[in-house]
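Participant: In our numbering, the protein residues as written are 18 to 454.
Note that CB positions come from ideal geometry on N, CA and C, so glycine has one too.
Every value quoted in this text rests on a predicted model; they were computed, and no experiment measured them.
Here's a structure for you.
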Ligand code: ADP
Ligand code: ASP
Ligand code: MG
């Protein structure tokens, strides 16, 4: 039995939803369906989730919720009419309820979740499947963290009891008192994985708008090759480092149950896509894929004899802990340490962070560099073959890219470099040319 998640581009319009339905109907084992909110229909279009979040933000500033919801409602009416299910889903009264719900919310989660909810209702009506609301199945704790084991028990009982096919909205769930909570953006991938684990699916199919997991971001490298098979660990490294075709947390539920993930293209359903499997995959190539992200900040801390100072790193990291910040990397040299954090993690607290570091470890020098990008070159194949790093660095230097930091994961399957944000695209293309093309 298969669990299928369809992303925003697959759910964007009645035409694309008909393609989704054709995929589902072509295989009787596609019984549990998880969907995203309607995404972009064309470049420059707005995702429903963004419109809903914007409605919430404006409503908090005293904006007119009714007027802001009008274009969102119009888009759903158009989808319902295109699918001829307008008599089965009462959008009129649902939008009244959403308007009141947003007005009463103090956090954005309720608003953000409504796109998935409606998307699932409309697809369920079109397929003749049962709509199961994620708020009955996916449980969050009151502090907003996902409660995996409770959810798994509830979801299993709830979903396996269904006779017919089921459509469930992705992205959200609720707390024990029924307050709606969402995962981070792209979180419908996580919901699909949760359902796959709960019903012990044979496979978790993740249907999107590309032919699988590609060796690099297709928005940066022209026509990158597909990765036919990928290991869970490679997936985790690549998705965490920015290959946002799959949410980085979607691996955890399926890994517990050893369920393969199959990335597929709704618009080219005959393409077998990418299989993501447990264990180690033998690839022909040294490198499996490249991923990266912009928006990192490096804080260089220099102090003579820091390596001899007992407790230096602990004192440094306690500054982060007190500010409730996590870091990405902490490479060190003789008398230097380089703290790499994402800019969003620092938020507006850079001065506080630097002040805290000065106080805690009395450095000789602190130097901040913002607008860095991190690039991960990932592959099991690297672990056994010497010379990979030198080829990587040579390729970057040939492209005129200056490397600001290097970190090779202890697994030896991932080399991460930091480069200037402006060099990001050039660096990715240089690595791609060296190892993949
Ligand atoms: P969905 O709406 O189906 O969840 P997403 O937009 O979240 O789809 O993810 C698919 C997109 O991810 C692709 O259209 C592509 O632009 C982007 N992407 C970035 N890196 C990769 C990669 N390594 N492989 C495939 N797609 C990637
Ligand atoms: N609709 C949500 C988002 O845009 C969740 C998802 O698509 O997975 O982030
Ligand atoms: Mg996605």
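Can you check whether the CB of residue 130 is closer than 8 Å to the CB of residue 189?
Facilitator: One-based indexing of the chain shown puts residue 189 at position 172. One-based indexing of the chain shown puts residue 130 at position 113. Going by C-beta atoms, residue 189 is nearer than 8 Å to residue 130.
Participant: In angstroms, rounded to a whole number, what distance separates the CA positions of residue 62 and residue 220?
Facilitator: The residue labelled residue 62 in the question sits at position 45 within the chain shown. The residue labelled residue 220 in the question sits at position 203 within the chain shown. Going by the C-alpha atoms only, they are around 32 Å apart.
Participant: Sorted by chain position, which residues of the same chain lie with C-beta nearer than 8 Å to residue 179's C-beta, five sequence neighbours on each side aside?
Facilitator: Against the chain shown, residue 179 aligns to sequence position 162. Contacts found: 147 and 149.
Participant: Considering only the alpha carbon of each residue, which of 253, 227 and 119 lies closest to residue 484?
Facilitator: In the structure as shown, the chain begins at 18 and stops at 454. Residue 484 is therefore absent and cannot be evaluated.
Participant: With residue 292 as the anchor, note down where its beta strand (DSSP E) starts and where it stops.
Facilitator: For this step, residue 292 is matched to residue 275 along the chain shown. First-last of the beta strand (DSSP E) with residue 292: 291 to 294.
Participant: Nearest CA to the CA of residue 420: which residue from 108, 440 and 243?
Facilitator: Here residue 420 is taken as the residue at index 403 of the chain shown, counted from 1. Comparing Cα positions, the closest option is 440.
Participant: Give me the Cβ distance between residue 209 and residue 51, rounded to the nearest whole Å; I'm assuming they're in contact under 8 Å.
Facilitator: Numbered from its first residue, the chain shown carries residue 209 at position 192. Numbered from its first residue, the chain shown carries residue 51 at position 34. Yes, they are in contact, since the Cβ atoms of residue 209 and residue 51 sit about 4 Å apart, within 8 Å.
Participant: For the segment 309 to 329 against the segment 280 to 293, are there 3 or more C-beta pairs whose distance is under 8 Å?
Facilitator: Touching, no.
Participant: Have a look at 222, 298, 160 and 169 and flag the residue whose alpha-carbon is nearest the alpha-carbon of residue 400.
Facilitator: Looking up residue 400 in the chain shown gives position 383. When only C-alpha atoms are compared, the closest one is 298.
Participant: Which of the three DSSP states, helix, strand or coil, is assigned to residue 183?
Facilitator: Taking the first residue of the chain shown as 1, we reach residue 183 at position 166. Strand.
Participant: Is the Cβ-Cβ distance between residue 431 and residue 393 less than 8 Å?
Facilitator: Here residue 431 refers to the residue found at position 414 when the chain shown is read from its first residue. Here residue 393 refers to the residue found at position 376 when the chain shown is read from its first residue. Yes.
Participant: Is residue 42 a contact residue of the ligand ASP, with contact defined as CB to any heavy atom under 7 Å?
Facilitator: To locate residue 42, count along the chain shown from 1; it is residue 25. Incorrect: residue 42 has no Cβ contact closer than 7 Å to the ligand ASP.
Participant: Mind checking which residues open and close the alpha helix (DSSP H) that includes residue 87?
Facilitator: Your numbering for residue 87 matches position 70 in the chain shown. Residue 87 -> alpha helix (DSSP H) spans 82 to 99.
Participant: Among residues of its own chain, excluding the 5 on either side of residue 120, which ones have a beta-carbon nearer than 7 Å to its beta-carbon?
Facilitator: The count along the chain shown starts at 1 and reaches residue 120 at position 103. Within the same chain, residue 120 has close Cβ partners 76 and 82.
Participant: Can you give me the start and stop residues for the alpha helix (DSSP H) that residue 77 sits inside?
Facilitator: Sequence index remark: in the chain shown, residue 77 carries index 60 (1-based). Looking at the DSSP string, the run of the alpha helix (DSSP H) that includes residue 77 is 65 to 77.
Participant: Quick check: is any heavy atom of the ligand MG less than 7 Å from the C-beta of residue 206?
Facilitator: Looking up residue 206 in the chain shown gives position 189. True, at least one ligand heavy atom lies under 7 Å from that Cβ.
Participant: Please indicate yes or no: does the CB of residue 235 lie closer than 7 Å to some heavy atom of the ligand ADP?
Facilitator: For this step, residue 235 is matched to residue 218 along the chain shown. It does: the Cβ of residue 235 is within 7 Å (strictly closer) of some heavy atom of the ligand ADP.
Participant: What do you reckon, is the C-beta of residue 203 under 7 Å from a heavy atom of the ligand MG?
Facilitator: Position 186 of the chain shown, counted from the first residue, corresponds to residue 203. Under cutoff, so the answer is yes.
Participant: From residue 359 to residue 349, what distance separates their C-alpha atoms?
Facilitator: As a first step, residue 359 is located in the chain shown; it is residue number 342 there, counting from the start. As a first step, residue 349 is located in the chain shown; it is residue number 332 there, counting from the start. Whole-angstrom Cα-Cα distance: 18 Å.
Participant: Starting from the C-beta of residue 41, find all residues in its chain whose C-beta is less than 7 Å away, skip the five residues before and the five after it, and write them out in chain order.
Facilitator: As a first step, residue 41 must be located in the chain shown, where it is residue number 24. Closer than 7 Å at Cβ, skipping near neighbours: 21, 47, 50 and 144.
Participant: Consult DSSP for residue 311 and reduce its assignment to one of helix, strand or coil.
Facilitator: Taking the first residue of the chain shown as 1, we reach residue 311 at position 294. Three-state DSSP puts residue 311 in a strand.
Participant: Report yes or no: do three or more beta-carbon pairs, one from the segment 364 to 379 and one from the segment 327 to 344, lie closer than 8 Å?
Facilitator: Result yes; three or more Cβ-Cβ pairs closer than 8 Å.
Participant: Mind checking whether the beta-carbon of residue 209 lies closer than 7 Å to any heavy atom of the ligand MG?
Facilitator: Walking along the chain shown from the start, residue 209 turns up at place 192. No, since every heavy atom of the ligand MG falls outside the 7 Å radius drawn around the Cβ of residue 209.
Participant: CB of residue 53 to nearest heavy atom of the ligand ASP: below 7 Å?
Facilitator: Residue numbering aside, residue 53 sits at position 36 when the chain shown is read from its first letter. The answer is yes for residue 53.
Participant: Considering only DSSP beta bridges, list what residue 259 is partnered with.
Facilitator: The count along the chain shown starts at 1 and reaches residue 259 at position 242. Beta-bridge pairing links residue 259 to no other residue.
Participant: DSSP has residue 221 in a bridge; who is on the other side?
Facilitator: Here residue 221 refers to the residue found at position 204 when the chain shown is read from its first residue. Answer is 20 and 278, bridged to residue 221.
Participant: In this structure, what does DSSP give as the bridge partners for residue 401?
Facilitator: Within the chain shown, the letter at position 384 stands for residue 401. Its beta-bridge partners do not exist; DSSP assigns none.
Participant: Cutting at 7 Å between CB atoms, please list the residues of its own chain near residue 227, excluding the five before and the five after it.
Facilitator: Numbered from its first residue, the chain shown carries residue 227 at position 210. For residue 227, where only same-chain residues beyond five positions count, the Cβ hits under 7 Å are 235, 262 and 282.
Participant: On the criterion of 16 or more Cβ atoms from any shown chain inside 10 Å, does residue 327 qualify as buried, or is it exposed?
Facilitator: Within the chain shown, numbered from 1, the residue matching residue 327 stands at position 310. By the 10 Å Cβ count, residue 327 comes out exposed.
Participant: Alpha carbon to alpha carbon, what distance is there between residue 229 and residue 256?
Facilitator: Mapped onto the chain shown, residue 256 falls at position 239. Mapped onto the chain shown, residue 229 falls at position 212. Each residue's Cα considered, the two are about 13 Å apart.
Participant: When the distance is taken between beta carbons, is residue 184 closer than 8 Å to residue 260?
Facilitator: For the purposes of this step, residue 260 is taken as residue 243 along the chain shown, with counting starting at 1. For the purposes of this step, residue 184 is taken as residue 167 along the chain shown, with counting starting at 1. Not in contact: residue 260 and residue 184 (Cβ atoms no closer than 8 Å).
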